[in-house]
Amino acid sequence: MAEIDMKEGFLCPICKIDLKTMTKLHSHFHEEHSEDIDIKKIFKGVMGQARKMIKQNNEGDDSFKSTNRKDLHNLEIYKTYQEIGVTRSHFEKFKEIRNRRLEGFSAETNKLIIRLDKLLLNLPSDSNRRKLHEQTIVPWINGEDVSRCPECTKSFHLVRWQHHCRLCGGIMCRDCSCFLPIAKAENILSHTVQENHITKETNYQDAFRICQYCMNLLESRELMKASRNCNPFITQLYEQLRTYIKDLDKDANMYQKMSLSLNEGKSTYNLFDAQELWEKIMKLSEKIRLISTKIASLGVNNNSNEVSNKELQLQRAVSSGANGYIQSKILSLPALPSEEIYQKLQENRRQKIQQEIKEQKSEEMTDALLSSQIKTEYVHSKPTLSKFQKNIPVDEGWIPDAGSCVYHNDDPILEQMNNIRNYIKQAREAYKFDEVASLEKNLRELQEEYYRQQTIK
Amino acid sequence: MSNRTVSQRPNGQNQGKICQFKLVLLGESAVGKSSLVLRFVKGQFHEFQESTIGAAFLTQTVCLDDTTVKFEIWDTAGQERYHSLAPMYYRGAQAAIVVYDITNQDTFGRAKTWVKELQRQASPNIVIALAGNKTDLANKRSVEYEEASQYAEENALLFMETSAKTAMNVNDIFLAIAKKLPKNDGNVGNGLTSPGSRRLGDADGGSRMSSGCCK
Ligand SMILES: Nc1nc2c(ncn2[C@@H]2O[C@H](COP(=O)(O)OP(=O)(O)O)[C@@H](O)[C@H]2O)c(=O)[nH]1
Ligand SMILES: [Mg+2]
Ligand SMILES: [Zn+2]
Ligand SMILES: [Zn+2]
Ligand SMILES: [Zn+2]
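Pasting the structure below:
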């Protein structure tokens, strides 16, 4: 559409005149259009009601809702609204009031932004034409009756002139003027965030003179924008701290499992692995301790007074929380047996198992027994070997006959065993001890099978 | 009601009927009612749409097969303090679009209240459409499509998710409404049953018809 038929305001829905205020619209509608039978019926009650509402509205905003609710119930058309019983929550009302305020602020700020956009569009450089341009977009308040600056209440005279805010048209004195640089204005309109602040300098060649109130609105909008995008140092540290704590949790769980199993003399896990994991846990907790001290001392050492009390409180809480976490975590972890004790534990366990086996073999003393003995033997031979594991490459240390892997590599079982040893090595390097355990179990089974084949031959 | 009439298209091709309908937009403020209208009527979108004062009135014409449909659009202000004005605007309307913001659950609740109010107090034959606006902000969504669509189905509403920003489904929802409105001769031109919908005469040379027709 080339030319759009658009009107806005307190428009009469029938003659489309703008009545300027809600009250006038209501009474116009009532007086001019009440002959319209259809509508008269519907609005007869509403109009009277609306008048009352408006009166009450003028008396005080807060009484508005509650009083007219009561009256509305007398109205035919609102009767059906009574479905809700007695309720006590005032949250909705609170939200309503709060939303109205927020809405007011954001609408006001939006208005300023739109005006700023219009001001910047084709802004003349010639100062007289620029003034004209500014006034067509935001009409200036007539200053005749304004004898004092509304901000500082000093009276205007020959030396203290009236100035106008380019965004709201309001009046202020020179001292109460703020200046919004054009570059900054452009910045506000674009969606990027920038540091520079609205100045109070008196250089107004390339700036808009605005009042304190408009400046506050714009500045708080910029602050909101900035806070949405920034990632302060403390947040980065905190995120790092969280990942360390997550890692530590994972490792501590693993360690706990390993340690319990080892203390029972089981050979599912390897004592050296567990010791290494313990060292890793100690290193991690040291890192956490360092980072938490750093958080606690942020902004304290370089005595820049930019840290508020609340911030300090928060920092200290984060720090002591982290330290407390480490302490309770580390204390809760069971100690590992020494090598000697571990060997004894294993010995005890082996004897116990053999005892059980003896008890079982009352009837069948055949092949079944033999193979189970071989099995336990294999299970328990591992830890002794693993003692040397640090020096001996896994690939060799596990092969009964050194070099046999080269000669017998055509045997698929041996090849598979080699592969698995390789996997175990990789899993161990990645601290995946559960996988190590299950791979080792797999390897043992293969070894049993291989051994059986060899003895049959 | 005024007797404003609209001329036929200047380029005199075969016309069919011309219908005029009153459509009202309702919904919490800032859900994008004005933005939807602006997109539909002018094809524009403003990131910083000034909030509506009182109500805004616009018109737009669309062509449907052999029928020309002219919408008289009343875009209301959503703020609670203007609520007492709303009945003036939705009374006698043949269609209403109730808008909510998919990123704000409260506005969906408000939309339901509007639907209820319309069902009770607007013309019984009113065509109600529910629009879940701001779909471009999908990552902030808090009203699920299924929830709204099920609600719409239960209440026999037209339903679409729209974005005034990307223009998604904006023309579509107005067109869907136009399709659903009664246009047979029985309804058209019968000022008594539906006062806003009338067949428009050929007289009265005011050329208000748009070139935006059939775009
Ligand atoms: N991202 C996005 N913003 C929208 C959309 N529609 C409206 N807005 C914005 O939402 C705000 C309120 O829109 P407005 O049309 O004034 O809402 P009204 O109060 O319901 O008329 C404005 O800042 C619009 O730019 C949309 O589809 N997507
Ligand atoms: Mg609006
Ligand atoms: Zn009127
Ligand atoms: Zn002053
Ligand atoms: Zn100002």
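Keeping their order, the protein sequence lines are chains Z and X.
Numbering-wise, this note's numbering puts 335 at position 282 of the first sequence, and it's gapless, one number per residue.
Numbering-wise, this note's numbering puts 71 at position 70 of the second sequence, and it's gapless, one number per residue.
Heads up, the beta-carbon is just placed ideally off N, CA and C, and yes, glycines get one too.
Bear in mind the structure is a predicted one, so any value in this text is a computation, not a measurement.
Annotated as distal: A96 (chain X) and I19 (chain X), with beta-carbon spacing of 8 Å or more. Of the candidates Z:K485, Z:L165, Z:K319, Z:K485 places its Cα closest to the Cα of N306 (chain Z). Taking E81 (chain X) as reference, the option from X:L159, X:I74, X:S30 with the minimal CA-CA separation is X:S30.
The alpha-carbon of R213 (chain Z) is positioned some 12 Å away from that of C205 (chain Z). F63 (chain Z) reaches chain X at G55, counting residues in chain order whose Cβ is nearer than 7 Å. Listed along chain X are M89, each with a C-beta nearer than 7 Å to that of F82 (chain Z). Between L492 (chain Z) and I466 (chain Z), the beta carbon gap of about 16 Å keeps them out of contact (Cβ cut-off 8 Å). Note on the segment 180 to 237 of chain Z: whole beta strand (DSSP E) runs with a minimum of 3 residues are 231 to 234, in chain order.
Residue state for C267 (chain Z) is assigned as helix, using DSSP reduced to three classes. Residue contact check for E292 (chain Z) against chain X: no CB pair falls below 8 Å. The alpha helix (DSSP H) runs of length 4 or more contained entirely in the segment 307 to 381 of chain Z are, from start to end of the chain, 324 to 349.
Here F49 (chain X) carries a coil assignment [DSSP, helix/strand/coil]. Interface residue (Cβ-Cβ distance to chain Z less than 8 Å): S52 (chain X) is classified as such.
Judged by the Cβ position, C229 (chain Z) fails to qualify as a neighbour of ligand 5 at the 7 Å threshold, every heavy atom of the ligand being at least this far. Interface annotation, I166 (chain Z): in contact with chain X, CB-CB separation under 8 Å.
For A57 (chain X), the uninterrupted beta strand (DSSP E) run begins and ends at 56 to 65, by DSSP.
If you look at L131 (chain X), you'll find it in the beta strand (DSSP E) that goes 128 to 134. The three-state secondary structure of Y101 (chain X), taken from DSSP, is strand. With respect to the C-alpha of H79 (chain Z), the residue from X:Y83, X:L37, X:E154, X:Q21 having the closest C-alpha is X:Y83.
If you look at L24 (chain X), you'll find it in the beta strand (DSSP E) that goes 19 to 27.
A heavy atom of ligand 2 is found nearer than 7 Å to the CB of K34 (chain X). DSSP places T508 (chain Z) in the uninterrupted alpha helix (DSSP H) bounded by 486 to 509. Taken through DSSP and simplified to helix, strand or coil, T68 (chain X) comes out as strand.
The three-state reading of DSSP puts M89 (chain X) in helix, counting H, G and I together. Relative to ligand 2, D71 (chain Z) has its C-beta separated by 7 Å or more from all heavy atoms. Residues of chain X with a Cβ closer than 9 Å to the Cβ of K237 (chain Z) do not exist, since the nearest Cβ in that chain sits about 17 Å away. V70 (chain X) has its alpha-carbon roughly 6 Å from the corresponding atom of C64 (chain X).
Residue environment analysis places D102 (chain X) among the buried positions, since at least 16 neighbouring C-beta atoms fall within 10 angstroms of its C-beta. A direct Cα-to-Cα measurement between R141 (chain Z) and V99 (chain X) gives close to 29 Å. For W115 (chain X), the nearest beta carbon of chain Z is not closer than 8 Å to its own beta carbon.
Per DSSP, L159 (chain X) lies in no alpha helix (DSSP H) segment; the continuous beta strand (DSSP E) that holds it begins and ends at 159 to 162. Among the residues of the segment 138 to 167 of chain X, none has a Cβ less than 9 Å away from any Cβ of chain Z. Judged by DSSP in its simplified three-state form, K60 (chain Z) adopts strand. Beta-bridge partners of A179 (chain X) (DSSP): none assigned.
Note on geometry: alpha-carbon atoms of A327 (chain Z) and R402 (chain Z) lie some 19 Å from one another. DSSP places N175 (chain Z) in no alpha helix (DSSP H); its state is neither H nor E.
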